[in-house]
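Inspection log for the structure reproduced underneath, given as structure tokens.
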Amino acid sequence: MLGAMQDPGFRWFFIARAITLITGSMSSIALAFAVLQVDNDARSLSYVLTAFTVANIVFVLFGGVVADRLPRALIIQSCYVIDILSMGIVAALLFTGTATIPLLVALAAVNGASTAFVLPAMQGIIPQLTKPEHLQQANAMLSFVRSAVTIGGPVIAGILVATAGPAWAMVVQVAGWALAIPVLALVRLPPPARNEGSTLLRDLRTGWDEFRSRTWLWVIVLAFMIMNAIHVGAWGVAGPYIAKNDELLGITGWGWVVSAEGVGVLLMTIVLMRFPLRRPLRLGMIGMAFFAVPLTMLGLHPAVVLLAIAALIAGAGAEVFSTGWNVALMENVPTDKLSRVSSYDMLGSFVVMPIGTLIYGWLITHADIGVVLVTSGVIYAVCAVATLAVPSVWRMGRAATAVKVAES
4 MLGAMQDPGF RWFFIARAIT LITGSMSSIA LAFAVLQVDN DARSLSYVLT AFTVANIVFV
64 LFGGVVADRL PRALIIQSCY VIDILSMGIV AALLFTGTAT IPLLVALAAV NGASTAFVLP
124 AMQGIIPQLT KPEHLQQANA MLSFVRSAVT IGGPVIAGIL VATAGPAWAM VVQVAGWALA
184 IPVLALVRLP PPARNEGSTL LRDLRTGWDE FRSRTWLWVI VLAFMIMNAI HVGAWGVAGP
244 YIAKNDELLG ITGWGWVVSA EGVGVLLMTI VLMRFPLRRP LRLGMIGMAF FAVPLTMLGL
304 HPAVVLLAIA ALIAGAGAEV FSTGWNVALM ENVPTDKLSR VSSYDMLGSF VVMPIGTLIY
364 GWLITHADIG VVLVTSGVIY AVCAVATLAV PSVWRMGRAA TAVKVAES
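In this text, residue positions in the sequence shown follow the numbering used here: the first is 4, and each later residue adds one.
So this is what it looks like as structure tokens:
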């Protein structure tokens, strides 16, 4: 199950990533309460979160170009230094009582821009650190840590923020980045290929050509532009709204439902560490279609137990896709172009999230919420299943050697 840990490069990368995931799992809650501590206004919080998202969207394509040009571990380390400075300043402002919303907006934008360079570098670095037969395990192991801290991180963050204040949660995250930097220094990578005479625009065009030349890739990204907008709007906005106003679900019940989704992800990562996905995209998109079930139930009859069971199954299905998608990218896109291709994938995912939030915020107040959610569930399922009609999605398999070694 832990075969990927036999690869020294991945082992050090995994440790560094686990440190930042654990310490950073409380950041969203800490930042939210930090903003509300300065100005108890929901609009101020939306300004800060929007600044992070917009900066991420603006810089993610450039992040992909840089990650294909320069050593990826060095890019991640450099961005961690920027994160230490930006979040360290936030903590200092909170400690001294000098924080203002414009300052927090600016620092959130810096952090969002930094993340736009880190994510494509991380996507491109994994195939450089592990053997092809360990790719699925490596991605599942990273998902395991990510899902585990998603379940436990908010609880720890709530306790820390309530007892010591949001500034100390920022300090913990800064310490995580500081610890990860020397660990990443132990990762040894071959130097990136040199492209003499290459320009930023030419590199972006090359990445776009690689992206659009693979039908399975752009079809699924297009589908997810709709599916992500539904997920962030219907589940992320309508879900809490129903929880607050429907006694059948309630706020506590919604907490159990969201946690069940995380447990489903966590359990599936353990399965995927052992059993190889022979058809990663086919199984992944079928897994994603299961999310339509809890979404529809949320609109029809949001009973806690049934909704939690459906959310657990949907979480497991989402993890099948997540691991399968990463493996498909890493096995079928050249490593020297992988970060650029991944950045186009990320752009498609990021750009629709604020749009989905705004659309569903309007729909909730202008239409029957039950009808909105049932319709959303149908559209979500249709988008997921429709991708299976594309031959390259349905037929894509794994390298025979990878499956054979993973099964042994």
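Every residue, glycine too, gets a C-beta built ideally from N, C-alpha and C.
| Item | Value |
| --- | --- |
| When you compare the segment 220-232 with the segment 351-367, are there three or more beta-carbon pairs, one atom per stretch, that lie closer than 8 Å? | yes |
| Looking at Leu-207: is its Cβ nearer than 8 Å to the Cβ of Gly-267? | no |
| Can you tell me whether His-234 is buried or exposed? The criterion is at least 16 other CB atoms within 10 Å of its CB, across all chains shown. | buried |
| Please determine, among Pro-297, Pro-105, Pro-357 and Ala-116, the residue with the shortest C-alpha to C-alpha distance to Ala-58. | Ala-116 |
| How big is the Cα-Cα spacing for Leu-280 and Leu-163? | 40 Å |
| For the alpha helix (DSSP H) holding Ala-76, just list the boundary residues, first then last. | 75-99 |
| Helix or strand or just coil, what does DSSP make of Met-276? | coil |
| Buried or exposed: which applies to Trp-180, given that a residue is buried once 16 or more other Cβ atoms fall within 10 Å of its Cβ? | buried |
| Taking C-alpha atoms, which residue in Gly-127, Ser-342, Leu-391 and Ser-47 lies nearest to Pro-3? | Lying outside 4 to 411, the shown extent of the chain, residue 3 is not represented and no answer is given. |
| Sort Pro-357, Val-330, Asp-86 and Pro-394 by Cα distance to Leu-145 and report the nearest one. | Val-330 |
| The alpha helix (DSSP H) spanning Gln-9 covers which residue range? | No alpha helix (DSSP H) contains Gln-9, which DSSP labels as neither H nor E. |
| Rank Val-177, Gly-287, Tyr-83 and Leu-132 by C-alpha distance to the C-alpha of Val-121 and give the top, closest one. | Tyr-83 |
| Checking 8 Å against the spacing of the C-beta atoms, do Ala-124 and Ser-342 come in under that value? | yes |
| Expressed to the nearest angstrom, what Euclidean distance is found between the alpha-carbon atoms of Val-385 and Trp-365? | 23 Å |
| Sorted by chain position, which residues of the same chain lie with C-beta nearer than 7 Å to Asp-86's C-beta, five sequence neighbours on each side aside? | Asn-114, Ser-117 and Trp-180 |
| Assign Asp-71 to one of three DSSP states: helix, strand, or coil. | helix |
| In this structure, how does DSSP classify Phe-294 when only helix, strand and coil are distinguished? | coil |
| Gly-327 and Gly-287: beta carbons closer than 8 Å? | yes |
| Within the chosen definition, does the segment 134-145 reach the segment 68-84 through at least 3 CB pairs nearer than 8 Å? | no |
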